Amino acid sequence: MSIRKSVIVLSLVLPALSALALDQGGIVKSVPLKDGSTVHQFKDGKMAMENKYGHATRMQEGMSMETTDGKSITMNGDEVAKLSSAIWLHNRK
Ligand SMILES: [Cu+2]
Numbered sequence: 003m004s005i006r007k008s009v010i011v012l013s014l015v016l017p018a019l020s021a022l023a024l025d026q027g028g029i030v031k032s033v034p035l036k037d038g039s040t041v042h043q044f045k046d047g048k049m050a051m052e053n054k055y056g057h058a059t060r061m062q063e064g065m066s067m068e069t070t071d072g073k074s075i076t077m078n079g080d081e082v083a084k085l086s087s088a089i090w091l092h093n094r095k
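Using this note's numbering, you'd call the opening residue of the sequence shown number 3 and step up by one each time.
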């Protein structure tokens, strides 16, 4: 089974996975968003998006995101590759 496939299976079994802090891969903060996705912030302040299925997705820098508690966050960077490896490390355990 490929790594990619195992990640998909895991995220179906554990939809709440993204709620856990992805402490591997240099993520310092994870904020849930209104649309079900999560924005992760790295040590250097750059961000990456995780969709509701637990996959790293692209988002345009400078775009505004709404958090579950009604706050607004501006996308800083788009660290898709960094988040992919953090999610991979996280799911590997
Ligand atoms: Cu974003």
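Even glycine gets a Cβ: it sits at the ideal position worked out from N, Cα and C. All figures in this text were calculated on a predicted structure; none of them were measured in a lab.
Below 8 Å between beta carbons: does that hold for residue i and residue j?
{"i": "Glu63", "j": "Asn53", "result": "no"}
{"i": "Met61", "j": "Asp37", "result": "no"}
{"i": "Thr69", "j": "Val33", "result": "yes"}
{"i": "Leu35", "j": "Met65", "result": "no"}
When you compare only the Cα positions, how much space is there between residue i and residue j?
{"i": "Ile29", "j": "Ser87", "result": "11 Å"}
{"i": "Trp90", "j": "Thr40", "result": "16 Å"}
{"i": "Lys84", "j": "Asp71", "result": "26 Å"}
{"i": "Arg94", "j": "Ala50", "result": "20 Å"}
{"i": "Phe44", "j": "Ser74", "result": "18 Å"}
{"i": "Asp46", "j": "Lys31", "result": "11 Å"}
{"i": "Lys48", "j": "Tyr55", "result": "21 Å"}
Please find out if some non-hydrogen atom of ligand 1 comes closer than 7 Å to the beta-carbon of residue i.
{"i": "Val30", "result": "no"}
{"i": "Val41", "result": "yes"}
With 8 Å as the threshold, decide whether the Cβ of residue i is near any Cβ in chain C.
{"i": "Ile75", "result": "Considering every chain present, this structure includes no chain C. It has just one protein chain."}
Say yes only if the C-beta of residue i is nearer than 7 Å to one or more non-hydrogen atoms of ligand 3, and no if none qualify.
{"i": "Lys84", "result": "Absent from the structure shown: ligand 3. Ligands present: ligand 1."}
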